[in-house]
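Chemist:
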Amino acid sequence: MSHQLFDELIGTPPAPTVDLKGIVRRERRLRTARRIGGSVAAVLALAMAGGVSVAVRDRGPDATPQAAASLPAADNRFRLVFDTDEAADASAKRLSQELDRALRKVAPGAKWIWMPEHLDEPRKPDGQPPTFTHRGSPDSVGGSSGISYQGREGSLGVSISPDEYPDAAYGPGGFHWPCQLPQGIQEDTRYRRVCEAGTTPSGARLKTETLTGKQQRSVQHLIAIQLPGNRMLEASVLNMVGVDESAVPAQPNAPLSMEQLKAIVLTIADQVKA
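The numbering used here puts the first residue of the sequence shown at 107, with every later residue one more than the last.
#1: Between residue 261 and residue 248, is the Cβ-Cβ spacing less than 7 Å?
#2: Mind pulling the beta strand (DSSP E) runs of 3 or more residues that sit fully within the stretch 213-244?
#3: Exposed or buried, residue 156, counting other C-beta atoms within 10 Å across all chains shown (16 or more means buried)?
#4: Is it right to say residue 382 is buried, meaning 16 or more other beta carbons lie within 10 angstroms of its own, or is it exposed?
#5: DSSP three-state call for residue 379: helix, strand or coil?
#6: Among the candidates 334, 318, 254, 202, whose CA atom is the shortest distance from the CA of residue 213?
#7: For the beta strand (DSSP E) that residue 256 lies in, which residues bound it at each end?
#8: DSSP three-state call for residue 364: helix, strand or coil?
#9: Alpha carbon to alpha carbon, what distance is there between residue 366 and residue 182?
#10: Please confirm whether residue 311 and residue 356 have their CB atoms less than 7 Å apart.
#11: Counting beta carbon pairs with one atom in the stretch 205-219 and one in the stretch 360-379, are three or more of them shorter than 8 Å?
#12: Kindly identify the DSSP beta-bridge partner or partners of residue 199.
#13: What is the DSSP secondary structure of residue 291, reduced to helix, strand or coil?
#14: Per DSSP, residue 186 forms a beta bridge with which residues?
#15: Based on the DSSP output, what are the partners of residue 373 in its beta bridges?
#16: When the Cα atoms are used, what is the spatial distance from residue 282 to residue 240?
Written out as structure tokens, the structure reads:
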């Protein structure tokens, strides 16, 4: 069939409705955009990688990633509990541990030495911190031992007891903190007494005393600090090791000064919470 006959049978074909040239142009543009976009992405990736490597290099080979925000420090303080014998024993044991730590911190090189608690007591080995006991009391705990420091020997004792005794004849807390003795209490004429009342850095009550024996030349430093929960921490250091002043020779000086004793007591008090 000739081309003319074919035209006559089907007529003139309609103009195409699909813009082929436009499709081709758009496809070319898309391919170009993809090539450009890929190049830009590659450049950005390289730039970012370079930035990271520079940052790591600038931090040095031993640098570590920044740590997360630190958690609050754990509260390792202890509470004085005397509700049961078991709780009182636990409080006594912790007090002994805190005294040992405080002594080693304030007076490095100090050593515990045996000190008898009563006459004719068999000798025990040195090097043992005092064993604290509540001695059956529902609200008190204490203990003492001998110490040796820089050639001086003596005794060191610590106790914790109620701050106020409402039924005491002296009145509530009447005999703890004022330096003046309560009415009706006579000063022991065997000693020269020097007393000073004040407060701790945290505002708690504090009292220091020094008793000097007029005959035996004994020197005893005492300190009392108010604790939370109606408690009072007392400590003393004496320039003698024994239970009978008349039979034990006094050292020229106490093994610890008042300032050292005060530092020990403050260190212990900081570990006691309400």
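Cβ coordinates follow ideal geometry from the N, Cα and C atoms, glycine included.
Modeler: Walking through what the data contain:
#1: no
#2: 217-219
#3: Reliability fails at residue 156, whose pLDDT of 49 lies under 50, so the model's placement of it is uncertain and the value that follows must be treated cautiously. It counts as exposed.
#4: The displayed coordinates of the chain run from 107 to 380. Any statement about residue 382 would go beyond what the structure contains.
#5: strand
#6: 254
#7: Where residue 256 is concerned, there is no enclosing beta strand (DSSP E), given that its DSSP letter is neither H nor E.
#8: helix
#9: 24 Å
#10: no
#11: yes
#12: DSSP lists no partner for residue 199.
#13: coil
#14: The partner list for residue 186 (beta bridge, DSSP) is empty, contrary to what the question assumes.
#15: None; residue 373 has no bridge partner.
#16: 20 Å
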